[in-house]
Each structure stands twice: as structure tokens, then as C-alpha cells.
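Using the numbering used here, you'd call the opening residue of the sequence shown number -8 and step up by one each time. No residue lacks a Cβ here, since even glycine has one placed at the ideal position from N, Cα and C.
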Amino acid sequence: TVLPGLTRGRPAGPLEVLAGPARCQDTYRDWISLYCWAPFHAAVTATPEGSRCRWDHIGSIYSELSNCTEVLAEVLACPWPSSALDAFFLQIHAEYFSGCAGAGEATPGRLPP
């Protein structure tokens, strides 16, 4: 099992998934929120605020989020990366990392802008 209730390549159990483009927009977005964002949010909010911009503190949490989105894209047979995923990560950066190093700045050990 890759994620609770999912196995690589197909949904586990009696989950019905929309067909076609709606699957790769609505269902993918919903599943990302449920399976990827919720654990990411819990992990980030459990991380002390002063450590949230430090890659050595947040990198594994961020990598788990990225890996989760890739697995879900595979399960749903959706493209990865995609414009829907780009929008999701832009929202993540705005919500959780907007106070990190300013645009154009790269500080060792800190999140890139």
C-alpha cells in the first residue's frame, strides 16, 4: 500500500473515479487535498515557526508531499507534473513559505524562493 486506501496503479476497494479530464482535475485535486495536503499541513504546523524556512527541517516533509502528488497522479493515470499541480504548489508556497527568503535570494540551508 502506498497511501491509506490506495495501491500503486489502481484504487483499492470500491472507489469510483470520474473518467476523462475531470478525473485529472477535480478528483486529482480532491485526492491531493485528502491524502497529501492534510498530512503535510499537520507536519508543517507541528514544526516550530522559526524552522519552517530551513530546508534541513522541512525538506523531508516537502519531499513526502511531492512524492504523494506523484503517486496519486500515477493511480489516477494523470500527467505529472501538470498545471493543476503547479497551481497547488504555488498555493502551498504562498500559504506556508511566503515569509522565507525573498525573491531572488538563496540562503544555504533555507528554502529557495
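- The alpha-carbon separation between Gly41 and Ala92 amounts to approximately 13 Å.
- By the C-beta density criterion, Ala78 is exposed, having fewer than 16 other C-beta atoms within 10 angstroms.
- Approximately 6 Å separates the beta-carbon atoms of Thr38 and His48; this is inside 8 Å, confirming the contact.
- In terms of Cβ geometry, Cys27 and Cys69 do not form a close pair [threshold 8 Å].
- According to the DSSP assignment, Ile49 belongs to the alpha helix (DSSP H) that extends over Trp46 to Leu67.
- Judged by their CB atoms, Gly90 and Cys44 are nearer to each other than the 8 Å cut-off.
- DSSP, reduced to helix, strand and coil, places Trp71 outside both helices and strands of the structure shown, so it counts as coil.
- Spanning the alpha carbons of Tyr87 and Trp46 requires a straight line of approximately 13 Å.
- Remark: C-beta atoms of Leu76 and Thr18 do not approach each other more closely than 8 Å.
- If you compare the alpha carbons of Ile52, Ser54, Gln82 and Leu63 with that of Asp21, the shortest gap goes to Leu63.
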